[in-house]
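See below for the structure under consideration.
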Amino acid sequence: MAGTEEASVECPYCGEAITIVVDTSVDEQEYVEDCSVCCRPIEFTVTCADGEVSEIEAEKGG
Numbered sequence: 213m214a215g216t217e218e219a220s221v222e223c224p225y226c227g228e229a230i231t232i233v234v235d236t237s238v239d240e241q242e243y244v245e246d247c248s249v250c251c252r253p254i255e256f257t258v259t260c261a262d263g264e265v266s267e268i269e270a271e272k273g274g
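In structure tokens, the structure reads:
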């Protein structure tokens with residue numbers, strides 16, 4: 213899909229690598245998504261530039 217990019221991040225709870233899909237048409241975004249392995253909430257802060265992911269922070273949510 214245009215305007216999206218898959219990114220691999222490490223869950224701050226269980227340490228497993230998970231894949232998220234990022235909307236690269238938005239420069240800065242914050243959202244919470246559950247880990248697909250341990251189901252705990254992860255707070256993502258994503259920065260995009262020129263249609264590409266430039267930085268992802270994944271912290272314990274809630």
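For the sequence shown, the numbering used here gives the first residue as 213, with consecutive numbering after it. Each residue gets a CB set at the ideal place from its N, CA and C atoms; glycine is no exception. Note that the structure is a prediction, hence the values are computed from the model and not measured.
Output the distance between the C-alpha atoms of residue i and residue j, rounded to the nearest integer angstrom.
{"i": "residue 235", "j": "residue 267", "result": "13 Å"}
{"i": "residue 265", "j": "residue 259", "result": "6 Å"}
{"i": "residue 257", "j": "residue 226", "result": "19 Å"}
Is it the case that the Cβ atoms of residue i and residue j are separated by a distance below 9 Å?
{"i": "residue 270", "j": "residue 254", "result": "yes"}
In this structure, how does DSSP classify residue i when only helix, strand and coil are distinguished?
{"i": "residue 220", "result": "strand"}
{"i": "residue 240", "result": "strand"}
{"i": "residue 246", "result": "strand"}
{"i": "residue 255", "result": "strand"}
{"i": "residue 269", "result": "strand"}
{"i": "residue 262", "result": "coil"}
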